[in-house]
Amino acid sequence: MSDKWLCGRFEFTLERPILMGIVNVTPDSFSDGGEHATIDTAIEHARRLVSEGAQILDIGGESTRPGAAPVSVDEELARVIPVVLAMQDAGVAISVDTCKPEVMRAALEAGADMINDVTGFRDPVARELVVQYADCGLCIMHMQGEPRTMQAHPQYEDVVSEVKDYLVGQARQLEALGVERHRICLDPGCGFGKTVEQNFVLLAQLDKLVMQGYPVLLGVSRKSMIGAVTGQPVGQRLPGSLAAALAGVARGAKVLRVHDVAATRDALNVWRAVFEGIQT
Ligand code: HH2
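Each step along the sequence shown adds one to the number in our numbering, with nothing skipped, and position 141 is 165.
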């Protein structure tokens, strides 16, 4: 089992789940689109997430929701890089959520600690690039198809083994190029080319991915899978998101990618009090 995760300037021991706070510098993200779309509001939001207990900030400049408009490299850079620079000394790891090699390079040059690629480093240019940055953390996420069409007809014979085999295959490919194993974390990609049922099967059997020995990152916050079960609109999905996050932690998830850092921190603290006793 992997007991550490190297992430740029940080080495996480993974004894406890890590909170990754979402900073979408986008006008059109599915749950908070437009709320932090200017650089100043995004930085203000990022600072709040740090004060609430985020240990990683995941800064994204392009929405991945089905139907979102594509964003040019220049536009994505203009959204993301100023926030990376502004949060550099905040004492937390800076992740950039991108699948474009040009944005990855600029982010790493600007001091980002980690690249979160929802396409799982499918692009060989992206793989070659991240090898050159010897210590950045990498999140390999599974997605069937492309963001714009992925929800049309998700199809699997066995969703759990297919997602697991794909992620481990991508990790091995990076390792063969020289990426240190401890830099890699894996993410089943809830909502990315999966039906609601397939998302819940992946969550229920997350331990099978955890057993591959890489830290597992889970992103379920406010997603439509939560809405499908609760019947709630995106703004009312916090209770459902907390339940799903804790279910993930129970199965071994080590990094939680969330919009609501303070609430998730409280839920985790109560969870921990049950299993480790109250720290006074
Ligand atoms: N989910 C989203 C975006 N990036 N990255 C990882 N590793 N895992 C996820 O589950 C994940 C992700 C979608 O959520 P959000 O950023 O809130 O929305 P949007 O893509 O519309 O900006």
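For each residue, glycine too, the CB sits at the ideal point set by N, CA and C.
Query raised in the report: Quick one: what's Ala117 bridged to in DSSP?
Result: Ile80
Query - Segment contact, 8 Å Cβ cut-off, at least three pairs: the segment 97-117 with the segment 52-59 - result: no
Requested in this report: Please find out if some non-hydrogen atom of ligand 1 comes closer than 6 Å to the beta-carbon of Asn293.
Outcome: no
Requested in this report: Could you tell me whether the segment 175-193 touches the segment 206-224, using the rule of 3 or more Cβ pairs below 8 Å?
Outcome: yes
Query - alpha helix (DSSP H) segment containing Gly193, residue limits - result: Its alpha helix (DSSP H) spans residues 183-201.
Query - Spatial neighbours of Gly264 in its chain, beta-carbon cut-off 6 Å, leaving aside the 5 residues before and after - result: Ile250, Thr254
Query raised in the report: Roughly how many angstroms separate the alpha carbons of Arg289 and Phe54, rounded to a whole number?
Result: 23 Å
Query raised in the report: Contact check, Asp52 vs Ala92 under 8 Å by CB: the rounded distance?
Result: The Cβ separation is near 5 Å, so the contact holds.
Query raised in the report: Between which two residues does the alpha helix (DSSP H) carrying Val273 extend?
Result: Run containing Val273: 262-274, per the alpha helix (DSSP H) assignment.
**Report entry** Whether Phe216 touches Met167 by CB criterion (7 Å)
**Finding:** yes
Report task. Taking the CB atoms as reference points, tell me whether Val307 and Glu86 lie closer together than 7 Å. Result -> Residue numbering for the chain in the displayed model covers 25 to 304; residue 307 lies beyond these limits and cannot be assessed.
**Report entry** Phe36 Cβ short of 6 Å to ligand 1 heavy atom set
**Finding:** No, the Cβ of Phe36 stays beyond 6 Å of every heavy atom of ligand 1.
Query raised in the report: Helix, strand or coil: which one does DSSP assign to Glu39?
Result: coil
Query raised in the report: In terms of residue numbering, what span does the alpha helix (DSSP H) encompassing Val234 cover?
Result: 230-234
Query raised in the report: What is the residue span of the alpha helix (DSSP H) that Gly251 lies within?
Result: 248-254
Query raised in the report: Exposed or buried, Pro148, counting other C-beta atoms within 10 Å across all chains shown (16 or more means buried)?
Result: exposed
Query raised in the report: Counting along the chain, where does the beta strand (DSSP E) carrying Asp141 start and finish?
Result: 138-141
Report task. Leaving out five residues on either side along the sequence, give the residues of the same chain with a beta carbon under 7 Å from the beta carbon of Ile208. Result -> Leu162, Ile164, Ala195, Leu198, Tyr238
Requested in this report: Measure how close the beta-carbons of Ala150 and Val116 come, nearest whole angstrom, since I'm counting them as under 8 Å.
Outcome: In this structure, Ala150 and Val116 do not form a Cβ contact; the two beta carbons are roughly 24 Å apart against a cut-off of 8 Å.
Report task. Please name the residue in Lys218, Pro106, Gly243 whose C-alpha comes closest to that of Thr65. Result -> Pro106
Report task. Alpha carbon to alpha carbon, how far is Ile46 from Leu30? Give it in angstroms, no decimals. Result -> 20 Å
Query raised in the report: Who are Met44's beta bridge partners in DSSP?
Result: Ile80, Arg281
Query - Option in Gln236, Gln112, Val108, Ala134 with minimal Cα separation from Arg275 - result: Gln236
Report task. Within the same chain, show all residues whose beta-carbon is closer than 6 Å to that of Tyr89, passing over the 5 residues directly before and after it, in chain order. Result -> Just to set this straight, residue 89 is Arg in the shown sequence, not Tyr. Cβ neighbours of Arg89 beyond the five flanking positions: Phe54.
Requested in this report: Within the same chain, show all residues whose beta-carbon is closer than 8 Å to that of Leu201, passing over the 5 residues directly before and after it, in chain order.
Outcome: Excluding the 5 residues flanking it on each side, Leu201 has same chain C-beta neighbours closer than 8 Å at Arg151, Glu152, Val155, in chain order.
Query raised in the report: Within this structure, are the beta carbons of Met111 and Ala70 separated by less than 7 Å?
Result: yes
Report task. Compute every distance between the C-beta of Cys209 and the non-hydrogen atoms of ligand 1, then say whether any falls below 6 Å. Result -> Not one heavy atom of ligand 1 is found less than 6 Å from the C-beta of Cys209.
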